[in-house]
Amino acid sequence: MRTSRALVAPLGLALAATTALAGSGLPAAADPTSAPRFDESSGRGAGTVNRVEEPTKAQVVARAAGETAVSGDPVAMPTSYPYQPALRLYRDNPDDAAHTAELMGHPEIAPKLMELMASSDRVSAQVVGQSTEGRDLYLVTVTAPEREQDTAQQTAWREKIKNDPAAAAADSELLAQYKTPIWMSNNIHGNEWEGTDASMQYIEWLATAPMSEVGSILRNNRLYFSPSLNPDGRTDATRATAIGLDPNRDLITNQTPETKSFIRTAQAIQAIYAADFHGYTRVLQIEPAGPPHGSNYEFDQILPHNYALALKVEQDVVDAAIPGNTYRNVETGAIVDAVTDEATGHIKIPYRDTPSGWDDFPPIFTAQYAAFYGAATTTVELPLTRGASGGRQTPERAEVNTAVAYQTLESMVDYLNDPVAAREMLEGQIETFRRGVAGEPKVALTSENIADVPGPDQWKALWDVADDQEPVSLPRAYVIPVGDDQRSASDATSLVEQLLLHEIEVGTLDADTTVGGTTYPAGSYVVDMHQPLRGLANSLLDLGDDISEKVPTMYDVSAWSYSYLWGASVDKVGSVTDAALGATTPVGAATDLTSVPSTLSHTTFDVAGVVDFRALNSLLEDSVPVSMLADGSVVVGVDDFDAAAAVAREHGIVLEAATAEDLDALDDETTAALSDLTIGYVGSQDDKLSLTELGFDDLVQLSTGTLEADPSLMDDVDVLWVASTFNPAEGSAARAAVQAFVDEGGALLGRTNRGFEAAVSFGLMQGEVVSGSSRGNGIVAVDTAEGSVLAPYAQDHAFIYPAYHFTGLGEGVTVEQTYDAEKPFLAGHWRASNATDGPEAAAGNASVVSSVDEATGAKSLVFGTSVFFRTHPKGGLSQAARALMWAAPAGEAVVAPEEETRGTSTTTLEAEAKNKRKAVVTVTVEVDDEPGTGTVLVKDKGTKVEVLEITEGDDGTVTVTLKLGTGRHKLKAVRKGDDVATRSVSAPVVLRLG
10 MRTSRALVAP
20 LGLALAATTA
30 LAGSGLPAAA
40 DPTSAPRFDE
50 SSGRGAGTVN
60 RVEEPTKAQV
70 VARAAGETAV
80 SGDPVAMPTS
90 YPYQPALRLY
100 RDNPDDAAHT
110 AELMGHPEIA
120 PKLMELMASS
130 DRVSAQVVGQ
140 STEGRDLYLV
150 TVTAPEREQD
160 TAQQTAWREK
170 IKNDPAAAAA
180 DSELLAQYKT
190 PIWMSNNIHG
200 NEWEGTDASM
210 QYIEWLATAP
220 MSEVGSILRN
230 NRLYFSPSLN
240 PDGRTDATRA
250 TAIGLDPNRD
260 LITNQTPETK
270 SFIRTAQAIQ
280 AIYAADFHGY
290 TRVLQIEPAG
300 PPHGSNYEFD
310 QILPHNYALA
320 LKVEQDVVDA
330 AIPGNTYRNV
340 ETGAIVDAVT
350 DEATGHIKIP
360 YRDTPSGWDD
370 FPPIFTAQYA
380 AFYGAATTTV
390 ELPLTRGASG
400 GRQTPERAEV
410 NTAVAYQTLE
420 SMVDYLNDPV
430 AAREMLEGQI
440 ETFRRGVAGE
450 PKVALTSENI
460 ADVPGPDQWK
470 ALWDVADDQE
480 PVSLPRAYVI
490 PVGDDQRSAS
500 DATSLVEQLL
510 LHEIEVGTLD
520 ADTTVGGTTY
530 PAGSYVVDMH
540 QPLRGLANSL
550 LDLGDDISEK
560 VPTMYDVSAW
570 SYSYLWGASV
580 DKVGSVTDAA
590 LGATTPVGAA
600 TDLTSVPSTL
610 SHTTFDVAGV
620 VDFRALNSLL
630 EDSVPVSMLA
640 DGSVVVGVDD
650 FDAAAAVARE
660 HGIVLEAATA
670 EDLDALDDET
680 TAALSDLTIG
690 YVGSQDDKLS
700 LTELGFDDLV
710 QLSTGTLEAD
720 PSLMDDVDVL
730 WVASTFNPAE
740 GSAARAAVQA
750 FVDEGGALLG
760 RTNRGFEAAV
770 SFGLMQGEVV
780 SGSSRGNGIV
790 AVDTAEGSVL
800 APYAQDHAFI
810 YPAYHFTGLG
820 EGVTVEQTYD
830 AEKPFLAGHW
840 RASNATDGPE
850 AAAGNASVVS
860 SVDEATGAKS
870 LVFGTSVFFR
880 THPKGGLSQA
890 ARALMWAAPA
900 GEAVVAPEEE
910 TRGTSTTTLE
920 AEAKNKRKAV
930 VTVTVEVDDE
940 PGTGTVLVKD
950 KGTKVEVLEI
960 TEGDDGTVTV
970 TLKLGTGRHK
980 LKAVRKGDDV
990 ATRSVSAPVV
1000 LRLG
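Residue numbers for the sequence shown follow our numbering, so the first one is 10 and each next one is one higher.
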């Protein structure tokens, strides 16, 4: 294992060591005529004239900018530069966290950009999405003006580089005239502010400086800036987005609109260099990162210039002697206030200075994601930590950090504007794509072959065995089968949609195809590894490696495979050098699976994946009776055929006519009548977001404190989910409320040691929970017992961070799932630190346990796996949903059809406000057009608020006064089906009180 290696290489940067290639570098493009800019003159326009002139190009641009750009849609890039629309303006924020440090708030960015665009033809801006709270996300382009034909040529070259890289490598005009795309992004962590201000200052300099200073930069490059990737967090001083997720961990899960916008921007720019500005590490830090290095990167094309550029930044920042800046002593690791000798004249470069704990292994970070586009990338950490209260920054520290960021930007662009460096980096990007398109085997960069790598070589003396990339055996393709061999058709559809979001090429088999003895039906999806983004595709789909012995610790997750964690069956087929699997048709969208029976009947659908559970919960929310069979599928009665068909069409699932076998099973003891759940949860945003993604929308966040203050919060809870510390004191109101809930048959489910401890605390389980090492994370193999709650559509793998297993289980506790006894840990980083916290100790032990109290019927189930981790393991979400359905109170059962002797009921509801909190509600039931009887549920937004019994003496109508509270209410009445008449549901009535 290495220690700091700063003094192995010379302190200065030796660009002369760069290999000079043939050609004249990147000479200036022709000086195109500036496109007209938006006219901001006053006046109302053609309000009353008889004839309206055709809009100017500038007016079309301005109008287009007003149309909302949706995060996740492909980014439509301008057809010429400048592109200067009118941007939407925002009101000032009353307590903008950026203002505490005297930095720009998000509302100040658009006016500044419009000011620069009004005075300069070098600056363009566009909106590339919105944040969670609806703030615009900007992409700013600074370059010399381009005519439409110039921009069209640059676009054609960019596409050629990716899609026909062999031809691009031989295109001398492309190599000489292609503008270097450089991308500087900022503020993806909202409470790391200063990169935004430095970028805005640098943009202004580029826009206003004399051409003698910036002409070369503008002619040779397109500089792209994302001023703020997380404006909500910037405003509120939060690292996370407004939904509580860290976006710089969400690059391949894409739960947030912010990261969907980022990946679409990465695709549109196809940068050769990308830097993402963060903070705060006490001293400026710039990557390349330390080991282990991502197995699927073409690292020989990335590292040489990336490290040389970092050395230039280091030299320039040291030389700048910015007042208040800090430096690093590479001999002692100490952070110092001044440069006093050679040892202290440094910043921190993880590749050189961090032997373990700051790696580029997972593609979940901005820089590591962008590298799959053949870019040299870096995460820049600004030095001075926050100094103001409330997690905010002080003006004094912000001034230093902004100056450091500005100098860093200046140094980066100066390096990239060198024609030799830019040419070599462009050729490296082309080579990255060429290897993918050609289907060449992946060659790991190791100590054995680094001598052969061309370009700057300062990095070579620092490389050691820990840096060696893991070997990768690329398949010819990944196949996502359709038909009987697919565990979840809906999860397969979601997986394909996710791959397409990431620009992974996917096709479908034109005919049944047999490979290695397995026959894949026509229509099965094929991800061929002969494609430009094969590195990203393999990183997302392959299992990964067990790197536990490679380094002591990892910075974050170490395994993430879609194939193993997203619920769909995926096969790794052949070798990359094999012949193609067969004829395929490229697809731009997953096949629409929607299917509905042509005649009225009882219906059924599989509930195997996340979308299936959303569809199921939609039915339950609408008070539709649903019964779940022992095999995990559900049945809906003929009375609700239309509702089931509508849900199938909305969610794109296969709805089939129930078979005789399905109908016979409706009265089996193992068949469960389901109900719409209100879930009380003690947990984090992972729990809330995962439950919401599954369609559970009646959620009540709980804690010991909130329950102590208001024990009635438990009144409407059907299932309690515990994932965080929850141990109300003996004799407290909170404990009494939960204990009463459990004693009355309420269910307590959860995850982690906290869920198990809560189950034990309230008398539902006995045993011990054993925690795996806290940093251990990755993919594990699990075994599910026959008859287990989790047996329907069982899965063989799970994610852990960390793992928990259960031992010494008491009577009545059932093991639902275990870690594999032979090889529980498959990929990631999980080192034992003692005799009980490693994978060997977990092997064969329980990963999921349950219990049912024979006296009360109370159910409990706890996961030792990380089913909700950052919402990423979609298969885990489905397992949790199945457990919740198992534990739910019984709902209205679906009854097998008999010869119909019942009448047909109709139900209506009327409501009007009585006062600010109460409403007068009238419910009328008719059976065969006559006043009827029956049990009627009155629901508000899907939650039962009243049960009415309409008897013979009511003449079909009952009026009641309901206390609903202030706000918006959506009421409907449901007459339950019985021996007299069919079930019926009223039209909803929306009422606002208060």
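For each residue, glycine too, the CB sits at the ideal point set by N, CA and C.
Taking a cut-off of 8 Å on C-beta distances, the region 390-402 touches the region 291-298, as three or more cross pairs fall below it. Positions of the alpha helix (DSSP H) runs, each at least 4 residues long and wholly inside the region 295-352, are given as 308-329 in order along the chain. Here T608 has A666 as same chain residues with Cβ atoms under 8 Å from its own Cβ, once five neighbours each way along the sequence are excluded. Annotation for T386: the continuous beta strand (DSSP E) segment containing it runs A385 to L391. Annotated three-state conformation of Q377 is helix, per DSSP.
Using a 10 angstroms sphere on the CB of R100, the tally of other CB atoms stays under 16, which defines it as exposed. Comparing C-alpha distances from S225 to each of D427, T265, V726 and E630 shows the shortest one belongs to D427.
For G772, the closest alpha carbon among the candidates L227, H314 and V747 is that of V747. Restricting attention to R395, D180, D350 and S420, the CA atom closest to the CA of E408 is found in R395. In the same chain as P561, and ignoring 5 residues on each side of it, the C-beta atoms closer than 7 Å to its own belong to S365, in chain order. DSSP lists no bridge partner for Y424. For M637, the enclosing beta strand (DSSP E) begins and ends at V635 to M637. Assigned with DSSP and collapsed to three states, P480 falls in coil, not helix or strand. Contact between the region 215-225 and the region 125-132 is present, with at least three C-beta pairs closer than 8 Å.
Between the alpha carbons of S610 and Q888 lies a gap of roughly 29 Å.
The DSSP-derived three-state label of G366 is coil. Under the three-state reduction of DSSP output, M193 falls in the strand class. Under DSSP, Y690 takes part in a beta bridge, and its partners are Q710 and W730. Distance from the CA of D565 to the CA of P371, rounded to the nearest whole angstrom, comes to 8 Å.
Listed in chain order, the beta strand (DSSP E) runs fully inside the region 931-964 are 943-949 and 952-959, counting runs of at least 3 residues.
For H838 and P848, the gap between their C-alpha atoms comes out near 10 Å. DSSP places E630 within a helical segment (H, G or I) once states are collapsed to three. Under a 10 Å Cβ-count criterion, S875 is classified as buried, with 16 or more other Cβ atoms of the shown protein chains found around its own Cβ.
By the Cβ neighbour-count rule, S856 is buried, with 16 or more other Cβ atoms within 10 Å of its own.
Sequence-distant partners of L183 (beyond 5 residues in either direction) whose C-beta falls short of 6 Å from its own C-beta, in its chain, are W166 and A177. Taking C-beta separations shorter than 7 Å and ignoring five residues to either side along the sequence, the partners of L711 in its chain run G689, Y690, V691 and L722, following chain order. Exposed is the label assigned to G342, since fewer than 16 other Cβ atoms lie within 10 Å of its Cβ. Around the CB of D519, fewer than 16 other CB atoms lie within 10 Å, so the residue is classed as exposed. Counting along the chain, the unbroken beta strand (DSSP E) around K972 starts and ends at T966 to K972.
Bounds of the alpha helix (DSSP H) holding L545 are R543 to L550. For the alpha helix (DSSP H) assignment, the uninterrupted runs of no fewer than 4 residues enclosed by the region 749-806 are, from N- to C-terminal side, 761-770. Inclusion of A990 and R911 in the CB contact set at 8 Å is warranted, their separation being smaller than that value. Note that the C-beta distance between A790 and L835 is below 8 Å. For T523, the secondary structure class from DSSP, reduced to helix, strand or coil, is strand.
Just so you know, the alpha carbons of A841 and E825 end up roughly 25 Å apart.
Counting only runs that start and end inside the region 134-222, the beta strand (DSSP E) elements of at least 3 residues fall at 145-151 and 189-195.
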